[in-house]
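These notes are about the structure you will find just below.
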Amino acid sequence: MERREFVASLVAGGCAGMCVDLTLFPLDTIKTRLQSQQGFYKAGGFRGIYAGVPSAAVGSFPNAAAFFVTYDCTKSLLGAGGTLASPRMAPVTHMVAASLGEIVACLIRVPTEVVKQRTQASPSSSTYSVLLATLKEEGVRGLYRGYGSTVLREIPFSLVQFPLWEYLKSLWSWRQGHTLYSWQAAVCGAFAGAVAAFVTTPLDVAKTRIMLAKAGSTTASGNIPLVLYDVWRTRGLTGLFAGSIPRITFISVGGFIFLGAYEKVRRTLL
1 MERREFVASL VAGGCAGMCV DLTLFPLDTI KTRLQSQQGF YKAGGFRGIY AGVPSAAVGS
61 FPNAAAFFVT YDCTKSLLGA GGTLASPRMA PVTHMVAASL GEIVACLIRV PTEVVKQRTQ
121 ASPSSSTYSV LLATLKEEGV RGLYRGYGST VLREIPFSLV QFPLWEYLKS LWSWRQGHTL
181 YSWQAAVCGA FAGAVAAFVT TPLDVAKTRI MLAKAGSTTA SGNIPLVLYD VWRTRGLTGL
241 FAGSIPRITF ISVGGFIFLG AYEKVRRTLL
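My numbering puts the first residue of the sequence shown at 1, with every later residue one more than the last.
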């Protein structure tokens, strides 16, 4: 991967992350409160829907930049030769690249997500006070609580979203006989994001419960099957898909903005 392409992926990814996270933050707050153990209204309802936005603002650029740099570098390496260079193996290449991208990005995303979600579920507290309280009670490990569940949510999500996005782009491009415009890539991103969001909602519910759980509790230990079983036992199928509508809306619109902005900025820089 050339230096120019590396810089383009870095800047385009970061800009795309900032655009989507700050634009759609209120929807994310509503989704978090719908999924919280204490219930929507006790977690704040519609009050203070921008609670936790400083955490999202700080983390969104490096998080998205790290993802796309890893994604594009891996695609470039795997497509350079060998078995995975074949067009028929493109979905596998995209799956591997997206999975590695998520593992790297989550190193930045999880601490900001922990602080953001705790502030969203407790709007009377500031981002700074939540950060200090987390460090005081649980140390740095507390900021990475839910890392495993986040990665296990993001990888299946990316395994669906990115191969589907790349496939839809190539199909549309082939049908119209030329490279897609940025808005067309954005439409493909919206559809791919909506499908992936619905499929992975139960994993997102588990991740939210783990991040919001009281330190030392069974839920806080991060056992995803146990958390999912507990949600199923107490709230049934509706509990497993709690927040699915705002999540699908958020990620569908987010996919449009995120992947559209990424394509636009990257092409401009190249």
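We treat Cβ as the ideally placed atom computed from N, Cα and C, and that holds for glycine. Keep in mind it's a predicted model, so treat the numbers as computed, not measured.
In whole angstroms, give me the CA-to-CA distance for threonine 218 and serine 36. Start at 1 with the first residue of the sequence shown, and residue 218 comes out as number 218. Start at 1 with the first residue of the sequence shown, and residue 36 comes out as number 36. Going from the Cα of threonine 218 to the Cα of serine 36 covers about 15 Å.
Quick one: grab the DSSP three-state call for alanine 213. On the sequence shown, position 213 is the one that residue 213 refers to. Residue state, collapsed to three classes: coil.
What separation, rounded to the nearest whole angstrom, lies between the Cα atoms of tyrosine 167 and leucine 259? Taking the first residue of the sequence shown as position 1, residue 167 is located at position 167. Taking the first residue of the sequence shown as position 1, residue 259 is located at position 259. Distance between the alpha carbons of tyrosine 167 and leucine 259 is about 14 Å.
Check whether the stretch 230–244 touches the stretch 182–194, counting contact only when three or more Cβ pairs, one atom from each stretch, lie closer than 8 Å. no
Among Ala194, Val227 and Ser129, which residue has its Cα nearest to the Cα of isoleucine 210? Locating residue 210 in the sequence shown gives position 210, counting from the first residue. It is Val227 whose Cα lies nearest to the Cα of isoleucine 210.
Pick out whichever of Thr134, Glu137 and Gly13 has its Cα sitting closest to the Cα of tyrosine 262. On the sequence shown, position 262 is the one that residue 262 refers to. Out of Thr134, Glu137 and Gly13, Gly13 has the C-alpha closest to the C-alpha of tyrosine 262.
Using a C-beta cutoff of 8 Å, does glycine 222 count as contacting chain B? Of the protein chains in this structure there is only one, and it is not chain B.
Provide the residue span of the alpha helix (DSSP H) that contains proline 246, from first to last. Within the sequence shown, the letter at position 246 stands for residue 246. Proline 246 -> alpha helix (DSSP H) spans 244–269.
Should tyrosine 229 go down as buried or exposed, given a rule of 16 or more other Cβ atoms within 10 Å for buried? Walking along the sequence shown from the start, residue 229 turns up at place 229. Exposed, because fewer than 16 other Cβ atoms sit within 10 Å of the Cβ of tyrosine 229.
Contacting residues, own chain, Cβ-Cβ under 6 Å from threonine 70 (five flanking each side not counted): As a position in the sequence shown, residue 70 is number 70, starting the count at 1. Hits under 6 Å: Leu100, Gly101 and Val104.
Sorted by chain position, which residues of the same chain lie with C-beta nearer than 7 Å to phenylalanine 61's C-beta, five sequence neighbours on each side aside? Within the sequence shown, numbered from 1, the residue matching residue 61 stands at position 61. Excluding sequence neighbours, phenylalanine 61 sits near Gly14, Gly17 and Met18.
Span of the alpha helix (DSSP H) around lysine 42: Here the question's residue 42 lines up with position 42 in the sequence shown. Where lysine 42 is concerned, there is no enclosing alpha helix (DSSP H), given that its DSSP letter is neither H nor E.
Using a threshold of 8 Å, state whether the C-beta atoms of glycine 254 and valine 20 are closer than that. Here the question's residue 254 lines up with position 254 in the sequence shown. Here the question's residue 20 lines up with position 20 in the sequence shown. It is a contact, given that the beta carbons lie within the stated cut-off.
Buried or exposed by the 16-neighbour rule on C-beta atoms within 10 Å, applied to glycine 193: As a working note, residue 193 is residue 193 in the sequence shown. When all chains shown are included, glycine 193 counts as buried.
Meets three-Cβ-pair contact criterion under 8 Å: the stretch 144–153 and the stretch 196–213: yes
Neighbour-count burial assignment, leucine 171, 16 or more Cβ in a 10 Å radius: Position 171 of the sequence shown, counted from the first residue, corresponds to residue 171. By the 10 Å Cβ count, leucine 171 comes out exposed.
DSSP state of phenylalanine 68 mapped onto helix, strand, coil: Taking the sequence shown and counting its residues from 1, one reaches residue 68 at position 68. In the structure shown, phenylalanine 68 sits in a helix (DSSP, three-state: H, G or I).
Quick one: using the 10 Å Cβ neighbour count with 16 as the cut-off for buried, is serine 158 buried or exposed? As a position in the sequence shown, residue 158 is number 158, starting the count at 1. With 16 or more Cβ atoms within 10 Å of its Cβ, serine 158 is classed as buried.
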